[in-house]
Amino acid sequence: MAKKTQYAFLFAFGILLYFLLYQSQIVFKNTIPLLIILGAGLYYNDKLKMKKNGNIFLFLLLVILSFSVIFRDRHNLTYLAASPTVDGIILALITFVFNNYLIYE
-16 MAKKTQYAFL FAFGILLYFL LYQSQIVFKN TIPLLIILGA GLYYNDKLKM KKNGNIFLFL
44 LLVILSFSVI FRDRHNLTYL AASPTVDGII LALITFVFNN YLIYE
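Residue numbers are given in the numbering used here: position 95 of the sequence shown equals residue 78, and the series is strictly consecutive.
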């Protein structure tokens, strides 16, 4: 598996895990996905090269992920789609596609 695919998979897995643990009673439910995402970022930082327009898509990914949280909190919604699992799958797929095909070479 290519390095960019490994990174995209770990990043998407961290986001999916965040939504799966969203309503659980686990003590470090927010810390575990954050450590996975940050650990993947630190490990693959020197191994990946951005595409020419990668910064634009990275910013767009940030806007999409931030918008989902802001929209949900602003409108007092528990979920965006049907459940936290569906939200996690949708945002994880968006993240995987962006990281694997649009941002990194």
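For every residue, glycine included, the Cβ atom is placed at its ideal position computed from N, Cα and C.
From a predicted model like this one, the values you see are computed outputs, not experimental measurements.
Check                                                                                                                                                            : Outcome
Counting C-beta neighbours from all protein chains within 10 Å, is the total for T78 16 or more, i.e. buried, or is it exposed?                                  : buried
Using C-beta distances below 6 angstroms, list every residue in its chain close to G37, excluding the 5 sequence neighbours before and after it, in chain order. : I86
Only counting the same chain, and skipping five residues up and downstream in sequence, which positions put a Cβ closer than 7 angstroms to that of L(-7)?       : I19 and A23
Helix, strand or coil for Y87, going by three-state DSSP, please let me know.                                                                                    : strand
When DSSP builds the beta bridges, which residues end up paired with M33?                                                                                        : Y87
Starting from Q(-11) and walking both ways along the alpha helix (DSSP H), at which residues does that stretch end?                                              : K(-14) to L3
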